[in-house]
Structures are given as C-alpha cells and as structure tokens.
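Report on the following structure.
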Amino acid sequence: MQLNVNGTAYEVDVEPDMPLLWVLRDELGITGPKYGCGVAFCGACTVWVDRMVVRSCSYPASAAEGAQITTIEGIGNPDALHAVQAAWVEEQVAQCGYCQSGQIMTAAAFLQEISNPSDAEIDDAMSANLCRCGTYPKIRAAIKRAATSLQGE
Amino acid sequence: MGIVSKITRRTLLVGSMAVAGGVAFGIYAYKSPQDNPLLDDLTEGEAALTPYVMITAAGVTLITPRADKGQGAYSVQAALIAEELDVDLDQVSVDPGPPSAVYYNTALANEALPFSPADQSNVANAARAVADAAMKFIGMQITGGSTTVADGFTKLRAAGAIARETLKAAAAQESGHDALQMRTERGEVILPNGERISYARLAPTAAKMRLPENVGLRDPSSWRLIGKPMQRVDIVAKSTGTQTYGIDLRFDDMLHATVRRNPANGGGMASYDASTAEGMRGVEKIVELPGGVGVIADNTWRAFQAANAVEVEWGDPPFPAEMDAHWATLSRSFTAENLNSRPLDAGNVEAVLSDETIELEYRAPYLAHAPLEPVSAVVQVGEARIDIWTGTQVPRFIQANVAELTGLKPEDIHVHVQMMGGSFGHRLEDDYVLHAVRLAMEVPGRPVKMTYSREEDMAHDYLRQIAMARVRGTARNGRVHAFDLSIAMPSVSESQMGRQGLSLGETDPIIVTGAGDQPYSIPNYRVTGYKAPQLAPLSSWRSVGASTNAFFHESFLDELIHAAGADPLEERLRLLNDATARGVLEAVGDMSNWGAPMERGRGRGVAFARSFGTPVAEVVEVTDTGNGIRIDKVYVAADVGRVVDPVNFDNMMKGGVIFGLGHAMNCEITFANGRIEQENFYAFEGMKLYQCPDIEVRVLENGPAVTGIGEPPVPPAAPALANAIYAATRQRLREMPFSKFVTFV
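As you go down the protein sequences, you meet chains A and B in turn. For the first sequence, position 129 matches number 129 in the working numbering, and the numbering has no gaps at all. For the second sequence, position 36 matches number 1036 in the working numbering, and the numbering has no gaps at all.
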C-alpha cells in the first residue's frame, strides 16, 4: 500500500491491519511516535491522519491510505520549531520525554481548533494523554504559551 | 576567584576517582584523537582510567556515568564538570560512557548502597554486611538512591578543575607564558596576550602533562552554572521527537523480537505449541526461554502477534496465587521470630500504653514501576564480543551476567547505555537483557531488537513492596505521648540483590526506612521492622521503603495529633528535633497560610518525611465536591543543601508529588489465579492531567550536605493527601489506593 507521511510517499508491503504505529516505526524508521500501551490508552503514539488526531498503535495502516499522515517530525524540527514545540522547549516540559511527542501532537491539533483555550478546555483536551513523570503543570503552561505565540503570528 | 578548599591530589585519590579521570583524559586524547566517544574499544587498563572529560580533535565530551531516566541526570552531571572546566553546555557532547569500575557510585564502595538513605547510620550496618560480597560490589556503577548529585557534587567539579589546570599547563608549555597568567573560557585557554587556544588543540600536549598537585574548587559566589536556571541538554530533542531512546534504535539488517513468559513473574512453562505461530508472516524463529518463549521476526508487531499465537501451558506461580494469601502472610509476620530491626526505642512504650491506646492497621499494596517506555534491548552477538544497547541503571550487572550466560569475559560485553523513557527503579533489573541475548545468540551477527509488549512489561515488573503496619499510641495533655509502629514486609534487598547473587545480610534497613529514621522526639517512641517471607519478586520503586513507611508513620502521627487535640503542623514542629527539617515544615506552613479558616467541605493535610537525606514537607488542600474528592493545591518544600539547576529541581519536585499522589489515589497490583490483574495502563492510571493540582514549590539550602531530589518528594505525598481528606471529610484512609474508599474527581 502507499502511505503519505510528512509529505513523502512511501510504498510499503504490510498486512492491512498492521497498526500505523508499527509501519511508521519498524518499516519506515519514523520513531517520533512512541509505543506505550498498544491499546489507544496512553497517547504516546498520537499522530494526525489528515486533520484527525489518531492513536496510531490501534489504527490500521490501511485506513490511512490516501490520507496525509503527520507525525511529530512533520510539524517542526530542532532548526525550525513549531510554535508548540518552541513552547515545550521554553517551559522545559520534558522529563523522560517519552510521552511528549503524543502530548505535542495532541496539543498542536487542539490549538488549531481552539486558539485561546480556558483551563478547563486544556484539561479536557489533554487528559487522555498519560505522563508517568508528572509533567502536567508544565504541559498546561506550555499550551498557554503556545496559544499566545500562535495568536501573535 | 576565591578558593574555598585546597584539595590535594592525594586526598582526591582517596576521596574520589576524579584524579584518575584527569589522568586518563590526557592519555586517551593523545592516543586516540579521532575516536568515537563511546570508548568501547579501549583495553582494560585504559578503561579503568577512563575519565569524565574527554577531548578529541572533534571537541569536548563530558562523561556522565549516571544514567538519565528522565530526571535530568546528564545535564546536572555535565553542569558540575563544565562549571570548573569552563565550557558551556551548548558546546560539549554528553555521553554516559562505558560501564567501568571507575564510575562506581560514591567514593567509598560500602557507601554505595543505592537503596538506602545515604546519611543514615543503618547504612553503615548494611554496608558492613556487604563486605562479604565486596568483590562484586566494588565498582558497582548504579544510578539510584537519589545519589547522582550527592555523589558527583565534589567529584565532578574536581574532574573539571583538574582537566582545566592541565590544559593551562599544556598551554604554558606550548606558548612559554606563565599558566598563572592565563584564563579559561568557553573551551579555550586565553593567554596573557589575548591569544586563544582551543582545548581540542591542546589535548595532545595535555595528554603528556603531569597532573597538578593541588587544585582548588571555586567559591560558590563565582559559579556560572550551578544554581542558575539551565536548559537541559536533551530538551530540544525531547520536544521534537528526535530524541533516540533504546526502543528507537535501528541498525542495518536488524531483526525484531519479543518474549512471552509466565504471567506469574518467575513461574515456569509446562509446555508450548508454536506450530501456528511459526507459520505466521515475518516470523524467523521461535525460541524457548526460561519460563516462556521468544519470537524473532522482521517487525515488532508481527513478533507480538506471533507470541500471542503460541499456545502455552504455564507452570504454577512461585508465590501465592491469590491476594488474600499475600496479606495473610504479612499479617502472620508480626512475631518475635520475624523481628528484623528496631531502629528506634525511646522511653518506654510498653509501660505507658494504656486503655486509651489507639490500635490500628495500615496497608500499602504492590505497585508496578510502569515507565512509559517498555523495556527493550538491541543485542548483536559477534565472534568474540557482544554489543548491547539498552536503557539501564546497572550496566555493570549486565556485563557480569551476560558474561556468565555466554562464557565470554566481562570486558567482551559492550554495554551502550541509552536514554530511558522513565524508570522509577524498573531498569535496575536486567533479566530482559538476558532474554534478548538468548534470542540474539540464535542469529549470530545480526542485531536483534527485543521489545516487551506493555502487558509483558507490567507482568514482569519487579514490584514495589507490599507492606502492612500495626500501630499503637496515646496522646496525653494535648501532646503525642507514645507512638509504637510495627511494619511487616518481605525484604526488598533480599529479593532484588538475591537475583544478582548478593546478600546484604539479615537486617534489611528498607523495612523501616522512612519511619524508623525520622527526626522526631516523641517521649515514648518505637519503630520495629518485621521481615515477612518472600512473596512476589520485589525491587526498588521510587523512594523504596519510604514510599510505604512514611504513609504509615505520618498518617498515624496525624491520628495521634488529632486525638491530642493539637494542630498537625504545630505539633510536628514541636516534635521535630532537627532545624533543617523544621525549616521545610515552617516553609509549607507559610506557603499554605496554614491555620487560615477553610470553607466547609474543604481540608488541609500536612506530612513530613526525610528520605535519602533530604527533608520534604507537603501540604495538600482538597475539596469534597459531593461527587468526589478534588485535589486543589499542593505546597511542597525541600532542603537539598544546594540546588544545581532550579528548573530541574522544580520539575523533580512537581513530578515526585504527582507520582506520589497518583499512585496513592488509584494504583495497585493484585494477583488472582497467580496472574497480575492489571495488565495495562487502563487498570493502572495514576494521575491524569485534569486531576493535577496546582503545585507550589520552595527550595531551601540550609542543609549541611548536598542531597538528591529524585525520590524524596514522593513519600510525604500520600499521607498529606490522606490527612487532607480526613480534614475535609472526617474519613480516615488507612489503605492505599484511596480509590477503594473515595472517588477522585
């Protein structure tokens, strides 16, 4: 099947039900999305399929055929940070950092929907992403910082 | 700059291995100016001298041998070296280095017990018991026990200072100028005439220099880095998905693998049938392992699928199959025969306990470490060497155990320590690495990445101890008068160190840490530890003994204070006999405006615990909303003597509080039919973001020693929460998780 990831088209030979996460990680070497739980609970594997926020560990690759798949690598990089990534750096959110790709992908999509979120809206949007290190206060702060900087753009 | 302490080379040799680092920095730079900083091709003699500072033509690499599990260890270690070396973190590489005896934790091997508070007298007892096992123990390069900063604070600065002075001497030899007239800045020596020479250029000459006899450490007033907010060296990578963790590694021709083992950790396998699995797409090989099977395939998911398709009949669990039996074992362990230690016995508890005695029981469940990154290892078996890439806290154990498994020499086992997606003590175990090696031996020459599924990782977690406490006490004249705490748990040390073939002796200080070592003066005060028989296998879980024992101690102290009609904060302050401890309690009292009236349905609870030498106090505020308990606010203060990076300190404090609260709220590991009942995060949630309170942090720097912060914020969190819930609802919670009794919103 053909998959379009971060603007590049890839031809892959995988079972239709192989989760998108494992196609990205093991077949394409795109390792920003992480394996945490495998059951769509923790959110470490979060990517975008077109404008939809998806738990790639539980999303069949075949369902993403023909769509634009975006991983954390697709929204910015160390030399050209996305506003949400820049806010994550400024607030120094990460501890182990393993959940943060998923946190950032969830936050960036959410800020496209709600540009100036309230505390309650942030809590609603972000509570399905697990962080074992306890970076939640910094995640909230980084989202507010990112919202401010995105509005200034 | 001021020089506070003249440290002679001789005292450094006695007190730390930093001088050896200084020596080696030159030798290595001279011999292998172009080499890869992983250093893995050094011979034994060179590795033993391997330094904290390596300079090649490519630049400066700081070796940070304490592993980074997310606690920022690489950055704080690098900052300590960089402070004296006069480099900045944006111009150096940071590398954990190879496993080496030179990186043993703390200068004196018998203080290297990573699981006990560094400053407590019971450590000395335990360490004496360790002497028998010293040959293996010496050179124990372990990350744990909140020791990274405590262990490295002087050692790493000295390593930087010695390297700097050697580079200046090299510049003097090359230029003819007086070294005393030189300065150093951003990786360069500046000559009196303003000319700058890079450290890299000086390395070949420096390598041949005699080391300075006397090196002073700079006065804190001149520090550029220590105590100032820093940007972590990994923060950009971790914000862009470009940080490579062990699980992300890829090599040419690499195979993927997983294991499926008896879900009762340590149980055997009666029989298996892999005929279906063998025919599945991508499967290369199915291998029998101790207690289960491994699958080698061309993709991790295919390996997972095939592992699940193997039909297996498991052997009996090596511990009681049902949870009731675990609790019953603890319940039966409060006997003279099981008495293990009595670190505190002031006054005469027996004589004063009377009819008004309060007698209660507390419980703390098994917990999993459950870092978000499941364990993994890449292993490549060569002709006469094995390379292992994995996130680990114990690279030297891996070396020794893989050598034993394969018959190779330890120096032929090359462990490349990787960044870890959390640990909390999980990666003090190395059995998963041995499984990966067994699998890679089936396909010699090819790298094999073995990854545990989440379910496999949860089932084979070596758990936080289950523990039970029985307490008795009295209040008199408005004061706590007698406090008698008995704790029963299986020995964590016996379980954990036993797997490494080590014995720390009969007495396990973990059974009473966090309770029998607290700086309170209660007139009649006794703490007794009872060693229960081994049950499910155990390991160190962030804050270890204190994670259960501070809950028992501080919850019961709160009950006694309420029985006395005293104020929980004021009475603790009166009872504390240590100024640093009182300082953190006064701080949270001040921060929380303790004593100010609260609305009906709201409550405030306080707890204090000193663990790993660091006193921490926490005040938790809750509201009983009618739909459940909401945690509104936490105030936390700690005294670590000296903070290296205030940003990282703030993160560790908040993370520790959330870790402590989250597990107390809703986490437990239980067994039914010999199987762990919580297979994945949906049954082991911890705190979610919407439940996270605002957390206000204060640091104090009055303590006499530099101590760690990775673990100490955890123990007071659970009792402070329980005490707050009592204040709001008059309901006492004497068993974790609290979600068995109240709902959290």
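Ideal placement from N, C-alpha and C gives every residue a C-beta, glycine not left out. Note that this is a predicted model, so its numbers are computed, not measured.
Cross-strand partners of residue i (DSSP beta bridge)
| i | result |
| --- | --- |
| glycine 1605(B) | Val1620(B) |
| histidine 1414(B) | Asp1387(B) |
| glutamine 2(A) | Glu11(A) |
| methionine 1269(B) | Trp1314(B) |
| glycine 1294(B) | Val1259(B) and Val1287(B) |
| tyrosine 1245(B) | Met1419(B) |
| tryptophan 1594(B) | None, per the DSSP bridge assignment. |
| aspartate 1639(B) | Leu1700(B) |
| proline 1615(B) | Arg1610(B) |
| methionine 1653(B) | Partner(s): none; methionine 1653(B) has no beta bridge. |
| glutamine 1380(B) | Asp1387(B) |
| valine 1634(B) | Val1620(B) and Ile1695(B) |
| leucine 1367(B) | Arg1464(B) |
Chain-ordered neighbours of residue i on chain A, where CB pairs are closer than 9 angstroms
| i | result |
| --- | --- |
| leucine 1372(B) | Lys34, Gly36, Cys37, Cys42, Ala44, Cys96, Tyr98, Cys99, Leu130, Cys131, Arg132 and Cys133 |
| lysine 1654(B) | Gly134, Thr135, Tyr136, Pro137 and Lys138 |
| phenylalanine 1746(B) | Since the first residue of chain B shown is 1001 and the last is 1745, residue 1746(B) is not available in this structure. |
Where the beta strand (DSSP E) through residue i begins and ends
| i | result |
| --- | --- |
| aspartate 1694(B) | 1694–1700 |
| lysine 1285(B) | 1283–1289 |
| arginine 1186(B) | No beta strand (DSSP E) contains arginine 1186(B), which DSSP labels as neither H nor E. |
| glycine 1199(B) | The question names glycine, yet the displayed sequence has tyrosine at residue 1199(B). Unbroken run through tyrosine 1199(B) is the alpha helix (DSSP H), 1199–1206; no beta strand (DSSP E). |
| arginine 1342(B) | 1339–1346 |
| isoleucine 75(A) | Where isoleucine 75(A) is concerned, there is no enclosing beta strand (DSSP E), although the alpha helix (DSSP H) it sits in stretches over 72–75. |
| valine 1060(B) | 1059–1063 |
| alanine 1095(B) | Reading off the sequence, residue 1095(B) comes out as aspartate, not alanine. Here the beta strand (DSSP E) through aspartate 1095(B) covers 1092–1095. |
Contact set between residue i and chain B, taken where Cβ atoms lie within less than 9 angstroms
| i | result |
| --- | --- |
| isoleucine 104(A) | Ser1239, Thr1240 and Gly1241 |
| leucine 81(A) | Val1236, Ser1239 and Thr1240 |
| glutamine 112(A) | By Cβ distance, chain B contributes nothing, its closest Cβ being about 18 angstroms from glutamine 112(A), past 9 angstroms. |
Partner residues on chain B for residue i, Cβ-Cβ distance less than 7 angstroms
| i | result |
| --- | --- |
| tryptophan 22(A) | Asn1299, Thr1300 and Trp1301 |
| glycine 29(A) | Arg1250 |
| tryptophan 88(A) | Ser1239 |
| methionine 126(A) | Leu1689 |
| methionine 18(A) | Trp1301 |
Contacts of residue i in chain A (Cβ-Cβ under 8 angstroms)
| i | result |
| --- | --- |
| histidine 1256(B) | Asp26 |
| valine 1647(B) | Gln92 |
| asparagine 1627(B) | Neighbours of asparagine 1627(B) on chain A: none; closest Cβ ~15 angstroms, over 8 angstroms. |
| tyrosine 1362(B) | Neighbours of tyrosine 1362(B) on chain A: none; closest Cβ ~25 angstroms, over 8 angstroms. |
| serine 1453(B) | Gly38 |
Contact set between residue i and chain B, taken where Cβ atoms lie within less than 8 angstroms
| i | result |
| --- | --- |
| asparagine 77(A) | Thr1240 and Thr1242 |
| threonine 71(A) | Gly1241 |
| aspartate 123(A) | Leu1689 and Tyr1690 |
| glutamine 85(A) | Ser1239 and Thr1240 |
| methionine 52(A) | The premise fails here: methionine 52(A) is roughly 19 angstroms from chain B at the closest Cβ pair, so nothing lies under 8 angstroms. |
Residue i: contacting residues in chain A (beta-carbon distance under 7 angstroms)
| i | result |
| --- | --- |
| asparagine 1680(B) | Cys37, Val39 and Phe41 |
Limits of the unbroken alpha helix (DSSP H) element including residue i
| i | result |
| --- | --- |
| tryptophan 1301(B) | 1300–1309 |
| lysine 138(A) | 136–152 |
| aspartate 1590(B) | 1579–1591 |
| glutamine 95(A) | From DSSP, glutamine 95(A) is part of no alpha helix (DSSP H); its letter is neither H nor E. |
| alanine 63(A) | Taken as a continuous stretch (DSSP letters only), alanine 63(A) belongs to no alpha helix (DSSP H), as it is neither H nor E. |
| valine 1076(B) | 1073–1085 |
| lysine 1168(B) | 1148–1175 |
| lysine 1238(B) | 1235–1240 |
| leucine 1569(B) | 1568–1575 |
| glycine 1545(B) | 1545–1564 |
| threonine 1276(B) | 1275–1278 |
C-beta neighbour in chain C for residue i, strict 8 angstroms
| i | result |
| --- | --- |
| glutamate 15(A) | This model lacks chain C altogether, as its protein chains are A and B. |
Are there three or more Cβ pairs, one per stretch, closer than 8 angstroms when the region 1669–1686 of chain B is compared with the region 1619–1626 of chain B? Taking a contact to require three or more Cβ pairs closer than 8 angstroms, the region 1669–1686 of chain B and the region 1619–1626 of chain B do not qualify as touching.
Would you mind listing the beta strand (DSSP E) stretches within the region 1470–1535 of chain B that are 3+ residues and don't spill past its ends, in chain order? Runs found: 1479–1490 and 1524–1532.
Pairs of beta-carbons, one from the region 1310–1326 of chain B and one from the region 1253–1268 of chain B, closer than 8 angstroms: are there three or more? They touch, by the three-pair rule.
Is the region 1474–1486 of chain B close to the region 1550–1567 of chain B, with three or more CB pairs under 8 angstroms? yes
With a floor of 4 residues, list each alpha helix (DSSP H) that falls wholly inside the region 1711–1736 of chain B, ordered by position along the chain. Entirely contained in the region 1711–1736 of chain B, the alpha helix (DSSP H) runs reaching 4 residues are, in chain order, 1717–1729.
Quick one: which unbroken alpha helix (DSSP H) runs of 4-plus residues sit fully inside the region 104–129 of chain A? Chain order, please. 119–126
Segment contact, 8 angstroms Cβ cut-off, at least three pairs: the region 1252–1263 of chain B with the region 1442–1461 of chain B: yes
Segments assigned beta strand (DSSP E), at least 3 residues, entirely inside the region 12–57 of chain A: Counting only unbroken stretches of 3 or more residues, the beta strand (DSSP E) elements lying wholly within the region 12–57 of chain A are 46–49 and 52–55, in sequence order.
Do the region 1709–1723 of chain B and the region 1655–1675 of chain B meet, that is, are 3 or more Cβ pairs less than 8 angstroms apart? yes
Using 8 angstroms as the Cβ pair cut-off and three pairs as the minimum, do the region 1404–1421 of chain B and the region 1462–1470 of chain B touch? no
Please determine if the region 1198–1216 of chain B and the region 1379–1387 of chain B are in contact, where contact requires at least 3 C-beta pairs separated by less than 8 angstroms. no
Touching by the beta-carbon criterion (3+ pairs, under 8 angstroms), the region 1412–1419 of chain B and the region 1356–1367 of chain B: no
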